[in-house]
Amino acid sequence: MPECARRGFGRLRFKMVAAALCSVIVVSVIGWIGLSYTNQVATVVTRTTDTQYPLLTNAMSASNAMRTLTRTARDIRTSCDRADGSHRAKLEGGLSTEFAAIDALADFLRHTDALDTERTVRAAKDELELTISNLSSLCDTRETLQISFEEQRQQALATVAELDELVQSMHSYAGTVFQPARTESNEQDAPSLEAALHLAHISIHLARLSKDLARAHTSQALGYTRDQEAHLDILAALEGERDFLGAAFPAQDIEALIARLSNILTAPGGLHDAWRRTRLFDSGMAAQILMVSRADNALAAVLRNLENDARIQYREATKAIDDKIVESRFVVALVAASSSLMLLVAGLVFASRLTRPVERLTTHVEHLRRTDDLNQQTPLRLVTRSDEIGTLAQSFEQLILELSNARRRLEEESRQNIRIQYDRLTAAIESIPQGLCLTDADGRLLMINTRFLQLYDLTPGQVHTGMSLRELSKLCREQGARWLQQPESEQEPALRDTYLVPQMLDFRNERTVVVQVADTPEGGLVSVHEDITERRKQEEQITRLAHHDTLTGLANRTLFRKKLAAAQAEQEGERDVALLCLDLDDFKSVNDSLGHPVGDRLLVQIGERLRHCLSDTDRVARLGGDEFAVLLTENVTPDRVTQMANKVIERLGRPYWVEGHTIVTGVSIGIAIAPRNDFDPDVLLKRADIALFRAKQDGRSTYRYFEPEMDDHIQARRLLEMDLRNAIEHEKMELHYQPQVSLDDESLRGFEALLRWRHPERGFVSPAEFVVMAEEIGLIDRLGNWVLRRACQDALHWPEDISIAVNLSPVQFRNEAFLDEVRNALAASGLNPTRLVLEITEGVLLEDTDHNLSLLEALRNIGVQIAMDDFGTGYSSLGYLCKFRFDKVKIDRSFVNGMLISRDSHAVVHAICGLCTSLGIETIAEGVESSQQVDALRQLGCKQSQGYYYAKAVPLAETLDFVE
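Written as structure tokens, this is what we have:
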């Protein structure tokens, strides 16, 4: 064989194709044999399905239909006997289904060329159909005859009833006629008894006849001869009795009734004639039933034969199918077994030629994997094969050679990369800011970086690889390292889980080092040493900042509360602890007038003075803003606390020199004592604050001890605050108006709107109380806007030349939306803007002067007049009158009230009137209460005045009297 052909036939592909072709041939032979037997079985099954099975089915259906028709015919016969029309109900559903079943059988017989049987079946079917139709017609005639019979029977019963009634009347008549004669002679009783006897016989005959008629029916036709003879005997007896009674009674009526009764019974068309005709119909009915039985028998015979033939043929076909199936199973099993044996032999041969070389190659590969020796040669028998296995072995041999070369190159490259990575790791370890120490599982030093040596002032000569961890620790301790918390052993701290708890050590009191130790996968330890000296200093600074005030350096609220709680815990309720809450008086005016930087420096000096007032055991803190607190823990007696409070008030009340300014400020103090007032630090602070509030109310620059009544006052103030919120929410406030009068001609020039609150329980509440409260709780804007809108609405009730003045709060004036509120109020009311006068205090101009001046200019641009209220009582500067030209200036009532008794007050009023006249500003004097004040103000040049001299503030309705 040529080499190319030998290699071609030796290829695995050819072998696999040949094996697959043999498998296809074997499977095709098995399939052909199975298909042949399947066609034979299918032929038998088809013949059975197309002939025997339909014949059997149709024969059984026709048999069932025949039985149904026969049963229907008998039911019709039974219904005819009753003659009540029930036979129609039997035919209402129709018998088309049964006749159709018989026709289907006949059609199938014609289709199978069984023509004689078909004719027999159709003849029987036609005869049955005709017989049932005749039975239905006979039943209809029988029903008609029964109706006529029933009418005759009812007439006969009626006639019998009339006769019976007549007989009863004759009984009565006989008793009446023969009664007189019976009294005269007993010999005359015989005729009357005889007549009564004959009448009784008639009644008996009538009762028998009535009984027979009551049960009479056409179904009695078979025995009508006996009944007819009985009826004729009764009629003859009645006629005989009639002849006897004719001599004694008038017998015309009874004779006519007997004649009529005889006619009903015996005349043509009477009862006896109906019985005779019924008997004739019964004979015809019997003939029809015989015809049904004959057709039934004929058809039943045919159907039994057909059914038997069909069953026999069906069993034969089934047996043939079973035989073919058994035969095909045997043949197919034999062929399949032979084919399987052939395939098994071929598979074993194929496996020996294919799998055994593959197993050898696999064994060689496993050996290479276990020994990791790539220099072993592949078996020669595998390499020299000419099929794919030989090619695979050659390729594997080449691959192993390439892998061996690549392995040598990779090992060399890996050594170089490891050296590079080691150098990089060493550089990285050397560059980290922490000291690093690495030991093996035996506690021997593997690696240490330069930072570690620097932390402990070690030289490279003192440390070497392989030294024990104990030696290294000893060396560090000799250099000055010590644990801040001594570990359980002299070595590194014991391992806890995977990571150890960080330990801290001190080095020569110069630096603090934190040591973090962790496990390595090899069982050794790696410890990181970090210098946290600067971090600790920063943390301490942060802690100090968190607990101390950055401005004064005093303790803040957080630290002070802790000190207070600690002091109470130390005293354990056996000794008192005093808490003093301090608040500077009028500190806000310092910030407003001199600026916040000056205020801050003032707070620093106040803090220094507080420190010098206290002993070493006392504590002072700044709680926030201008609030301070003092804690007294030693020798806390009422005298010492009072002395300390007076000392603080005196020291802090001395003048301060800050950036060239001399500042005098006071301090108010609230005092609470623990445990007398409470144990809880927060409650104690609250109660000291309540006492402070009372001190401010009582005149400031003083002190007050906490008393339970103060808490009641605070609660009452809280209730008042809630009522104020409700009053503002539901607009329960009122506006009263005080007239402003010209001093020249005593004419009305305008009204000032004054806010009033009528409390449901307390009555009128002072505006000085609730207006300040509204400012504190943030409702002054809403309240002021309501006053502005209401005043503009009410001013429409006055003449055009009457103005309305509305007071503004500094808080309200700072609102960015205030200008829009004024415009909205004017637009909503339609009030001329020139009639509206807005009164501001001097405090408004102390804050953000440029902004306030621009707002005042904007208000003037829309036509609103601006008035300066309480001029001369605050921190006002005459420069404000130059920066902004006010329309009006109101002289405070304190000057007006003292101008007649105080030359100073008179001089101030004179100066204000003269200044305003020079500047063209109209002046208004407040609080005028006498005519002498009016005359004095007129002489000083004041233009207008208002006060109780003219009228108190009144509601809108009462202002109309002033206008008129």
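When you number the sequence shown by this note's numbering, it's gap-free, plus one each residue, and the end is 1712. Note that the Cβ used here is the ideal one computed from N, Cα and C, for glycine as well. The structure displayed is predicted, hence computed values, not measured ones.
As a quick exercise: from Cys828, Leu1299 and Asn1609, pick the residue whose alpha carbon is nearest that of Arg1349. That would be Leu1299, whose Cα lies nearest to the Cα of Arg1349.
Which of helix, strand or coil DSSP assigns to Cys1664: helix
What's the gap between the Cα of Thr1187 and the Cα of Met1195? Taking C-alpha positions only, Thr1187 is separated from Met1195 by approximately 7 Å.
List the DSSP bridge partners of Ser1216. Arg1192
Given a threshold of 16 other Cβ atoms within 10 Å of its Cβ, counted over all protein chains shown, does Tyr1204 qualify as buried or as exposed? buried
Cα separation between His1020 and Ser1010? 11 Å
Let me see if you follow: with CB-CB separation under 8 Å, is Ile1660 close to chain D or not? No chain D appears in this structure, which consists of one protein chain only.
Taking only the alpha-carbon atoms, compute the straight-line gap between Thr1246 and Leu1273 and give it to the nearest angstrom. Residue confidence is low: Thr1246 scores 35 on pLDDT, short of 50, so the model does not pin down where it sits. No coordinate-derived value is stated.
Using only the alpha-carbon positions, how far apart do Glu1278 and Gln1233 sit? 16 Å
C-alpha distance - Leu1726 paired with Pro1487, whole-angstrom precision: Past the edges of the chain, shown from 749 to 1712, lies residue 1726, and the structure says nothing about it.
For Ser917 and Glu1003, I'd like the C-alpha separation in whole angstroms. 15 Å
Determine whether the beta carbon atoms of Val1592 and Asn1600 lie at a separation below 8 Å. yes
With a threshold of 16 other CB atoms inside 10 Å of the CB of Cys1630, please say whether the residue is buried or exposed. exposed
On the three-pair Cβ rule with 8 Å, is the region 770-778 touching the region 1083-1099? yes
Anticipated Cβ contact below 8 Å, Arg1448 with Asp1598, distance rounded: The distance from the Cβ of Arg1448 to that of Asp1598 is about 32 Å, inconsistent with a contact at the 8 Å cut-off.
Within 10 angstroms of its Cβ, does Arg1538 collect 16 or more other Cβ (buried), or is it exposed? buried
Anyone know if the C-beta pair for Leu1380 and Ala1326 falls short of 8 Å? Yes. Within cutoff.
At which residues does the alpha helix (DSSP H) containing Cys1185 begin and terminate? In this chain, Cys1185 is not harboured by any alpha helix (DSSP H); it is covered by the beta strand (DSSP E) spanning Gly1183 to Thr1187.
Need the endpoints of the beta strand (DSSP E) that Tyr1698 sits in, please. Per DSSP, Tyr1698 belongs to no beta strand (DSSP E) and is neither H nor E.
Locate the beta strand (DSSP E) running through Pro1487, then write down its first and last residues. Per DSSP, Pro1487 belongs to the beta strand (DSSP E) from Glu1482 to Ser1490.
I'd like the span of the alpha helix (DSSP H) that includes Thr1281, first residue to last. Thr1281 to His1295
In the structure shown, what three-state DSSP assignment does Leu1579 receive? coil
Using alpha carbons as the reference points, say which of Arg1435, Val1520, Glu1482 and Val1489 lies closest to Glu1469. Val1520
Going by beta-carbon coordinates alone, are Leu1432 and Leu1312 separated by less than 8 Å? It is a contact, given that the beta carbons lie within the stated cut-off.
Quick check on the DSSP output: the beta strand (DSSP E) that includes Asn1555 runs from which residue to which? Ser1551 to Asn1555
Assuming Leu1713 contacts Gln1613 under a Cβ cut-off of 8 Å, what Cβ separation, rounded to an integer in Å, is found between them? Absent from the model: residue 1713. The displayed extent of the chain is 749 to 1712, so no value can be given.
Could you say if the region 1539-1547 and the region 1510-1530 meet the contact criterion of at least three C-beta pairs nearer than 8 Å? no
On a Cα-Cα basis, can you pick out the residue from Met1392, Leu843 and Asp1640 that is closest to Ser1693? Asp1640
State whether the region 1496-1508 contacts the region 1470-1486, with contact taken as three or more CB pairs (one from each stretch) at a distance under 8 Å. yes
Kindly indicate the opening and closing residues of the beta strand (DSSP E) around Ala1615. Gln1613 to Phe1619
With a threshold of 6 Å on Cβ separation, who are the neighbours of Ile1421 within its own chain once the five nearest residues in sequence on each side are excluded? Within the same chain, Ile1421 has close Cβ partners Asp1324 and Ala1326.
Do Ala849 and Ala821 have their C-beta atoms within less than 8 Å of each other? no
Hey, out of Asn1533, Ser1577 and Val1535, whose CA is closest to His1545's CA? For His1545, the nearest C-alpha among the options comes from Ser1577.
Quick one, are the C-beta atoms of Glu1674 and Val1644 less than 8 Å apart? yes
Would you give the residue range spanned by the alpha helix (DSSP H) that Ala854 belongs to? Ser844 to His859
Below 8 Å between beta carbons: does that hold for Val1097 and Val777? no
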